[in-house]
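First residue of the sequence shown? That's 26 in our numbering, and the numbers climb one at a time after it. For every residue, glycine included, the Cβ atom is placed at its ideal position computed from N, Cα and C. These figures come from a predicted structure and were not determined experimentally. To start, the structure itself, in structure tokens.
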Amino acid sequence: MITQDCTFFTGYVTKNQGENLTMVCTTKDADQIGLYLYARLPEKHEVLYYDKSTNEVTPNKEYIGKVNTSGEIQNLTITITGLLKNNSGLYSCVYNSYSGARVTEKETNGVLLFVKEVQPPRSTEAPGKEPSAMPEMLVLVSALTACAVVILCFFWWLVVCGSSP
Numbered sequence: 026m027i028t029q030d031c032t033f034f035t036g037y038v039t040k041n042q043g044e045n046l047t048m049v050c051t052t053k054d055a056d057q058i059g060l061y062l063y064a065r066l067p068e069k070h071e072v073l074y075y076d077k078s079t080n081e082v083t084p085n086k087e088y089i090g091k092v093n094t095s096g097e098i099q100n101l102t103i104t105i106t107g108l109l110k111n112n113s114g115l116y117s118c119v120y121n122s123y124s125g126a127r128v129t130e131k132e133t134n135g136v137l138l139f140v141k142e143v144q145p146p147r148s149t150e151a152p153g154k155e156p157s158a159m160p161e162m163l164v165l166v167s168a169l170t171a172c173a174v175v176i177l178c179f180f181w182w183l184v185v186c187g188s189s190p
């Protein structure tokens, strides 16, 4: 039989895609056998399980390579790296222990996470093209050409009009 205690949440956090979430699961109880980190919204699913007897972390398949832990079970720091928009949700720490012949669960602290999509900067260049200095160079060449034409016209005018009586 499993029983549950109350929950409290430490607040909410807003992160951009690609950033990391670090949270600390804490308990004052020394008789814990393990810790689950659950994510909710839209539905409850396991992020990881920390086994106190082996000090092993077992992440859910979608979190393999994305979670890191440090510390002891009573004060365990958990970091989820490379956040995606679908990682938004309510994360809660659930400790379990034996109470006689039954396992009890105690939900301690948690955080509500909002992950924002990051829009790439818009470019005026066509997709796949690298920006170039061609427009600036074209303006410079055009200006020099125009000056040369004006100078040639002026000399032509001097030669044609200046030599007439």
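Check: Reference S117, options E68, V128 and E81, closest by Cα; Outcome: E68
Check: Beta-carbon proximity check, N93 vs T104, cutoff 9 Å; Outcome: yes
Check: Neighbourhood of S122 by C-beta distance below 8 Å, restricted to the same chain and skipping five residues each side; Outcome: D54, D56, Q57, I58, V128, T129 and K131
Check: Spatially closest choice to Y75 from L66, L60 and K86, by CA coordinates; Outcome: L60
Check: S113, enclosing beta strand (DSSP E) - first and last residue; Outcome: That residue, S113, is in no beta strand (DSSP E); it is neither H nor E in DSSP.
Check: Residues near K40 by beta carbon distance below 8 Å, same chain, minus five either side; Outcome: L46, L108, L138, F139, V140 and K141
Check: Spatially closest choice to Y88 from P145, T133, E71 and S124, by CA coordinates; Outcome: E71
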